[in-house]
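Novice: Take a look at the following structure, please.
In our numbering, the protein residues as written are 20 to 99.
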């Protein structure tokens, strides 16, 4: 019988990971880009911050799919 607390903790860890990758980092990057534009930075710097957001997104998806979805220790991985 699987340990329910370990399963819940794994799901909670995945939720935190997803929030960090897909919400916190892109929002911080966009806010920094907006702040840079208000401080008179060039359009190139603002565009670089937006590209950073896209880069984080496209690195975050493979990281989650290939590294973050491993089953807890002692559980077999389900085949699709």
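Glycine included, every Cβ here is placed at the ideal spot set by N, Cα and C.
Keeping to the same chain, check which residues put their C-beta closer than 7 Å to that of residue 52; ignore five residues upstream and five downstream.
Specialist: Taken in chain order, the residues that qualify are 65, 68 and 69.
Novice: May I have the straight-line CA-CA distance separating residue 62 from residue 55, to the nearest angstrom?
Specialist: Approximately 9 Å between the Cα atoms of the pair.
Novice: Cβ atoms of residue 74 and residue 48: under 7 Å apart, would you say?
Specialist: Taking 7 Å as the Cβ cut-off, residue 48 and residue 74 do not qualify as a contacting pair.
Novice: What's the C-alpha gap between residue 37 and residue 50?
Specialist: So the alpha carbons of these two residues sit roughly 19 Å apart.
Novice: Pop quiz: residue 83 and residue 40 are said to be a contact at Cβ under 8 Å. What is the actual Cβ separation, rounded to whole angstroms?
Specialist: Confirmed, about 7 Å.
Novice: Look at the alpha carbon of residue 44 and the alpha carbon of residue 58, and state the distance between them as a whole number of angstroms.
Specialist: Near 21 Å, if we compare the C-alpha coordinates of residue 58 and residue 44.
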